Amino acid sequence: MKKIIAVYPGTFDPITKGHVDIIKRASNIFDRLIIPLVTVNVSKNILFNIKERVKVTREVVDELGLSNVTVDNFNGLLIDYAHKVGATVIVRGLRAVSDFEYELQMAFMNRNLDPNIETVSMMPYIKYSFLSSSIVKEIFFNGGDVSKFVPKVALKYLLQKREKR
Ligand code: ADP
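Going by our numbering, the sequence shown opens with residue 1, and the numbers climb by one from there.
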């Protein structure tokens, strides 16, 4: 039977428990899950560079012990990356209505670029549905406790960043 390869792209700056939730769900239903991290994202205020983001995400994925999940990075069009790795599914996390319009636009655009690639939106556990990397950074750098929202590994790297500031 044909193996289904899915990509779950994003910035992951840093990876949160919401991302982890989606990774676990997606790794359960697809044969392989590749997490390609966007190398540069001009529209976002990035804290961790691409090497750091890949390292943190890999450590978190290793700890999860999911043998069908790998972490990579990419530049350019996601559809081109999907072709390169043989993926036929794009996984996206859907939190609240606020995500919906952007996600719908992306999904339609990607379908336009390649109708054979399906976008699958997955909802996280409700307690993570208000969580984003941006809000984690905001709380953390204002002295708040984010240990409930990010994996231990990500917290370790956040603390290192703060020390260097
Ligand atoms: P970007 O928005 O640049 O693609 P992110 O790292 O912010 O990168 O998000 C990557 C993917 O993970 C997106 O599909 C996003 O909707 C999803 N996501 C982010 N946070 C959560 C969360 N708390 N629960 C579920 N999905 C999430």
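Heads up, the beta-carbon is just placed ideally off N, CA and C, and yes, glycines get one too.
This structure is a prediction, so every number in the text was calculated from the model and none was measured.
What are the boundary residues of the alpha helix (DSSP H) that residue i is part of?
i    : result
G143 : First-last for G143: undefined, no H or E at that position.
S98  : 97-113
L64  : 50-64
V20  : 17-29
R162 : 152-164
Are the CB atoms of residue i and residue j nearer to each other than 9 Å?
i    : j    : result
V120 : L33  : no
T70  : I117 : no
R162 : F140 : yes
V60  : V136 : no
G93  : D21  : yes
S134 : K24  : no
In chain order, what residues of the same chain lie with their CB nearer than 7 Å to the CB of residue i, ignoring the 5 residues before and after it?
i    : result
D114 : I79
I4   : F30, D31, T88, V89
Looking only at its own chain, which residues have a Cβ that is under 8 Å from the Cβ of residue i, when we skip the five neighbours before and after it?
i   : result
R95 : G18, M123, P124, Y128, S129, F130, L131, S132
V7  : L33, I34, I35, P36, L78, Y81, A82, V85, A87, V89, I90, V91
Going along the chain, which residues of its own chain have a beta-carbon closer than 6 Å to the beta-carbon of residue i, five neighbours each way excluded?
i   : result
P9  : P36, L78
V38 : T11
Given 8 Å as the limit, tell me if residue i has its C-beta closer than that to any heavy atom belonging to the ligand ADP.
i    : result
K24  : no
E118 : no
P124 : yes
D72  : no
S98  : no
L131 : yes
F12  : yes
R111 : no
Y128 : yes
Closest to residue i by CA distance: which of the options is it?
i    : options               : result
E138 : I46, N73, K152, K55   : I46
S27  : V153, S67, V42, A82   : S67
I126 : R111, D145, F149, A82 : F149
P14  : M1, K24, R58          : R58
Q217 : R111, F48, V97, N142  : Missing from the structure shown is residue 217; the chain here goes from 1 to 165 and no further.
P151 : V40, T16, K2          : T16
At which residues does the beta strand (DSSP E) containing residue i begin and terminate?
i    : result
F166 : The chain is shown from 1 up to 165; residue 166 falls before or after that span and cannot be answered.
G93  : 89-93
S121 : 118-122
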